[in-house]
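I have placed the structure first, in the form of structure tokens, so that the comments after it can refer back to it.
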Amino acid sequence: MVRKLTLAAMLEIQNPHIFLFRVSCSVDTSPAKSQKTNTISVTYLINTCGLSPEGAILASKWVELQSSERADSVLELLRNYGASQTQISKLIRSHPRLLLTDPEKTLLPELEFFSSLEISKVDLLKTLAFNPKLLEISLRNRILPTCNFLRSMLSEKNVGVVFKLKSWIFLEGHCKHLVPNIGLLRESGMPQPCISFLLTRGTRVLMVNPEKFGQLVSEVKEMGFNLEKSTSVNALCALCGKNKLVLNRSREVLKTWGWSEDDFLSAFRKYPQCMVVSEKKLMQAMDLLVNKMGWSSGMIAKYPVAFGLSFERRLIPRCSVIKVLLLKGFINENLNLSRERTEKQFLEIFVNRYLGEVPELLSVYLSREGRYPGCMI
């Protein structure tokens, strides 16, 4: 007589990880009912949620499914919001207890609220997959109050930007760090537009411990920054956390090119964000501007915005154009490339103006790497 195998038994044969999991349960002292429930959970996490056997076994420690009814409803709701199987797997792997959430009373209100923040469903799902703990915290007690605080200072669009790029702010809330730090900035004279800019682009700075944040503000003042100007916002970001390590490394690298401490501080005051770049980029830019273009190191210190330009896409093409114009005598060597100009401004001043006399100039610029006969730098 041929014995029919159950679905669970067939799964064990096909997947030895589940078999080993059942064996480990059999020698456990926990009740048999719990062992059976965990087996059901592992099977569901693998077959329905797309987790690996190892991931399913780990996740099953946090979720015990008596049946699949509620879990099925949770997954259906996520799919209705456009979640892919990959995103669902990541969500469940990071937050397995999501399967036990009440889809109508808890999950749906949260998804509807997040969807109201002027972000696309694609961005919403990416954010949730990146930070699934957002679905763990209370909508009423944590998310909504923090969102209302942000709305008091930002446009609805920028609230969505903060949620999309700095979603961890909702996990901690606004009371512990944001409120006292923003209060200090207001007392120090920083205007609301600068605070709003910092909140949108440098949120991590405002989440620093208030005592350390006070020291950071004092340091920015001592370096000569006016908190009423937007450059102070960039300075705060540049002096915070890992950025400060990069900044200190930039100081040492530029000293090897002849910069004094005053040169560095002067450059930092003008364009703080341009000084927080990799050592490789600094070396490439200085080699190009000093060794190949012939400009003095001291002149670059006066116009450090060059460090903020993309080396391949902007700095090399611009230098290539300038080199051609220098060779043909249309401009003199005192001209500097490091002044802050938009692409439109640069094209108008240095390319379009000379196309009649140097028709190849546009090709030099568009080559993006200066690979044009006679203009290599």
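Residue 389 in my numbering sits at position 374 of the sequence shown, and the numbers go up by one each step. Note that CB positions come from ideal geometry on N, CA and C, so glycine has one too.
For Trp77, count neighbouring C-beta atoms within 10 Å of its own C-beta (all shown protein chains included) and say buried if the count is 16 or more, exposed if not.
Mapped onto the sequence shown, residue 77 falls at position 62. Classification for Trp77: exposed.
Would you mind working out which of Cys255, Leu66, Pro287 and Thr215 sits nearest Phe240, comparing C-alpha positions?
Taking the first residue of the sequence shown as 1, we reach residue 240 at position 225. Looking at the Cα atoms, Pro287 is the closest of the given residues.
Which value, in whole angstroms, describes the spacing of the CA atoms of Leu165 and Tyr318?
For this step, residue 165 is matched to residue 150 along the sequence shown. For this step, residue 318 is matched to residue 303 along the sequence shown. Cα to Cα, the separation comes out at about 36 Å.
Report the CB separation of Phe279 from Leu269 in whole angstroms; it is logged as a contact under 8 Å.
Within the sequence shown, residue 279 is the residue found at index 264, counting from 1. Within the sequence shown, residue 269 is the residue found at index 254, counting from 1. Contact holds; Cβ gap of about 6 Å.
Is the region 80 to 100 in contact with the region 113 to 127, if contact means three or more CB pairs nearer than 8 Å?
yes
Which first and last residues belong to the alpha helix (DSSP H) in which Ala86 is found?
As a first step, residue 86 must be located in the sequence shown, where it is residue number 71. Start and end: Glu84 to Asn95.
Going by DSSP, what residue range makes up the alpha helix (DSSP H) through Val223?
The count along the sequence shown starts at 1 and reaches residue 223 at position 208. First-last for Val223: undefined, no H or E at that position.
Contact defined as beta carbons within less than 8 Å: I believe His192 pairs with Thr161. What is the distance between those atoms, to the nearest angstrom?
As a working mapping, residue 192 is identified with position 177 in the sequence shown. As a working mapping, residue 161 is identified with position 146 in the sequence shown. Their Cβ separation, rounded to whole angstroms, is 11 Å, which puts His192 and Thr161 out of contact at 8 Å.
How would you write the range of the alpha helix (DSSP H) that Leu180 sits in, first residue to last?
To locate residue 180, count along the sequence shown from 1; it is residue 165. Note, Leu180: alpha helix (DSSP H), Glu171 to Leu180.
Exposed or buried, what is Gly175 when buried is set at 16 or more other beta-carbons lying within 10 Å of its beta-carbon?
As a position in the sequence shown, residue 175 is number 160, starting the count at 1. By the 10 Å Cβ count, Gly175 comes out buried.
With contact counted as at least three CB pairs below 8 Å, one residue from each stretch, are the region 78 to 89 and the region 131 to 140 in contact?
no
Is Leu303 helix, strand or coil when you go by DSSP?
By one-based count along the sequence shown, residue 303 stands at place 288. It is helical.
Does the Cβ-Cβ distance between Val336 and Val366 come in under 9 Å?
Locating residue 336 in the sequence shown gives position 321, counting from the first residue. Locating residue 366 in the sequence shown gives position 351, counting from the first residue. Closer than 9 Å, so yes.
For a quick check, are the C-beta atoms of Leu254 and Glu234 less than 9 Å apart?
Residue numbering aside, residue 254 sits at position 239 when the sequence shown is read from its first letter. Residue numbering aside, residue 234 sits at position 219 when the sequence shown is read from its first letter. Going by C-beta atoms, Leu254 is nearer than 9 Å to Glu234.
By the DSSP assignment, the alpha helix (DSSP H) with Phe283 in it spans what residues?
Taking the first residue of the sequence shown as position 1, residue 283 is located at position 268. That run of the alpha helix (DSSP H) goes Glu276 to Lys285.
Determine the contact status of Gly70 and Leu80, defining contact as a CB-CB distance below 9 Å.
Start at 1 with the first residue of the sequence shown, and residue 70 comes out as number 55. Start at 1 with the first residue of the sequence shown, and residue 80 comes out as number 65. No.
Taking the Cβ atom as the reference point for each residue, do Arg157 and Leu186 lie within a distance shorter than 9 Å?
Along the sequence shown, read from residue 1 onward, the residue named residue 157 stands at position 142. Along the sequence shown, read from residue 1 onward, the residue named residue 186 stands at position 171. Going by C-beta atoms, Arg157 is nearer than 9 Å to Leu186.
Here's a check: name, in chain order, each residue in its chain whose Cβ is nearer than 6 Å to the Cβ of Trp272, leaving out the five neighbours to either side.
Taking the first residue of the sequence shown as 1, we reach residue 272 at position 257. If we look at Trp272 and ignore the five residues flanking it on each side, its Cβ neighbours are Met301 and Ser312.
Could you tell me the alpha carbon to alpha carbon distance between Ser245 and Val261, rounded to whole angstroms?
Here residue 245 corresponds to residue number 230 of the sequence shown, with the count starting at 1. Here residue 261 corresponds to residue number 246 of the sequence shown, with the count starting at 1. Between Ser245 and Val261, the C-alpha separation is close to 21 Å.
Are the CB atoms of Leu154 and Pro124 nearer to each other than 9 Å?
The residue given as residue 154 occupies position 139 in the sequence shown. The residue given as residue 124 occupies position 109 in the sequence shown. Against a cut-off of 9 Å, the Cβ pair of Pro124 and Leu154 comes out as a contact.
When Gly309, Gln207 and Asn263 are compared against Asn347, the one with the closest alpha-carbon:
In the sequence shown, the residue the question calls residue 347 occupies position 332. Of the candidates Gly309, Gln207 and Asn263, the one whose C-alpha sits nearest the C-alpha of Asn347 is Gly309.
I need the boundaries of the alpha helix (DSSP H) containing Lys105, first residue and last residue.
As a first step, residue 105 must be located in the sequence shown, where it is residue number 90. Gln100 to Ser109 is the span of the alpha helix (DSSP H), which, as asked, contains Lys105.
Rounded to whole angstroms, what's the CA-CA distance from Gln102 to Ser75? Just pull it up for me.
For this step, residue 102 is matched to residue 87 along the sequence shown. For this step, residue 75 is matched to residue 60 along the sequence shown. One C-alpha to the other measures close to 19 Å.
Rounded separation between Ser265 and Leu242 - CA only
As a position in the sequence shown, residue 265 is number 250, starting the count at 1. As a position in the sequence shown, residue 242 is number 227, starting the count at 1. Computed Cα separation, rounded: 24 Å.
Exposure of Arg328, with buried meaning 16 or more beta-carbon neighbours within 10 Å
By 1-based counting over the sequence shown, the position of residue 328 is 313. Exposed.
Proximity below 9 Å, CB of Cys209 to CB of Val177
Walking along the sequence shown from the start, residue 209 turns up at place 194. Walking along the sequence shown from the start, residue 177 turns up at place 162. Going by C-beta atoms, Cys209 is not nearer than 9 Å to Val177.
Can you list, in chain order, the residues of its chain with a C-beta nearer than 7 Å to that of Tyr369? Leave out the 5 residues immediately preceding and following it.
As a position in the sequence shown, residue 369 is number 354, starting the count at 1. Answer for Tyr369: Leu340, Phe345 and Leu376, listed in chain order.
From which residue to which residue does the alpha helix (DSSP H) around Phe164 run?
Sequence index remark: in the sequence shown, residue 164 carries index 149 (1-based). Leu159 to Arg166 is the span of the alpha helix (DSSP H), which, as asked, contains Phe164.
Residue closest to Lys259, alpha-carbon to alpha-carbon, out of Val220, Ser275 and Lys296:
In the sequence shown, the residue the question calls residue 259 occupies position 244. Nearest of Val220, Ser275 and Lys296 to Lys259, Cα basis: Val220.
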